[in-house]
Amino acid sequence: MVTAVTAVTWVDVRDGLPSSGAPVAAAITGRYPADGDAGSGADAGEAFWLVRPMYFTTLHWSDDGVEHRNCFVDSDGVVRLPHSVVRPPHSGDGDDRSDGGDGRPGGPETVTHWAALPTLPGGTTHGVLGADVGPALRAAWGKRPPSA
Numbered sequence: 407m408v409t410a411v412t413a414v415t416w417v418d419v420r421d422g423l424p425s426s427g428a429p430v431a432a433a434i435t436g437r438y439p440a441d442g443d444a445g446s447g448a449d450a451g452e453a454f455w456l457v458r459p460m461y462f463t464t465l466h467w468s469d470d471g472v473e474h475r476n477c478f479v480d481s482d483g484v485v486r487l488p489h490s491v492v493r494p495p496h497s498g499d500g501d502d503r504s505d506g507g508d509g510r511p512g513g514p515e516t517v518t519h520w521a522a523l524p525t526l527p528g529g530t531t532h533g534v535l536g537a538d539v540g541p542a543l544r545a546a547w548g549k550r551p552p553s554a
């Protein structure tokens, strides 16, 4: 079996952003409602800092028609801005607060750091499709199928 060892280099969003379209691991911070927490405002809920796979783009249009620039987008289409960026006013939605409504730059959940995703085991790409999947898997598994 191929032993893959990958070093992760985290980049602070204040120091730079990835290339548009790049798949990344994004360190996200924010708050979520804690059990029984009925509070509101910037300090409501439980603080978190976690890693999610996302991609970075210089231009993204949300389903609601809002334009986002230099943002991270997850597989559910949730847009998160770099932590140091102040969210621009939203036109037409009645919420023109530059902080996303929670008092923090960028909104309720922001990206603090990002890292390039590793390539697939034994390969040089982030994805393989179609007829190339079988040969790529066999190469990564050392030409033996996985244990059942």
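So the sequence shown is residues 407 to 554, counted in this note's numbering. By construction, the Cβ of each residue, glycine as well, lies at the ideal position given by its N, Cα and C atoms. Owing to the predicted nature of the structure, the values given are computational and were not obtained by experimental measurement.
Could you please give me the residues that DSSP links to Val-484 through a beta bridge? In DSSP, Val-484 forms no bridge with anything.
So what's Gly-536 in DSSP terms, helix, strand or just coil? helix
With a cut-off of 8 angstroms, do at least 3 Cβ pairs link the segment 538 to 549 to the segment 422 to 442? no
Find the nearest neighbour of Thr-435 within the set Thr-412, Val-472 and Trp-520, judged by alpha-carbon distance. Trp-520
Spatially closest choice to His-489 from Leu-523, Ala-413, Trp-547 and Val-417, by CA coordinates: Val-417
Taking the DSSP output, what are the residues bridged to Pro-459? Ala-431
DSSP three-state call for Leu-543: helix, strand or coil? helix
Whose C-beta lies closer than 7 angstroms to the C-beta of Leu-423 among residues of the same chain, with five residues either side of it excluded? Phe-462, Asn-476 and Pro-488
If you follow the beta strand (DSSP E) that Val-517 is part of, which residue opens it and which one closes it? 516 to 522
Look at the alpha carbon of Met-460 and the alpha carbon of Ala-413, and state the distance between them as a whole number of angstroms. 19 angstroms
N-terminal and C-terminal residue of the beta strand (DSSP E) that His-474 is part of: 473 to 479
For Ser-468 and Gly-483, the rounded distance between their alpha carbons: 7 angstroms
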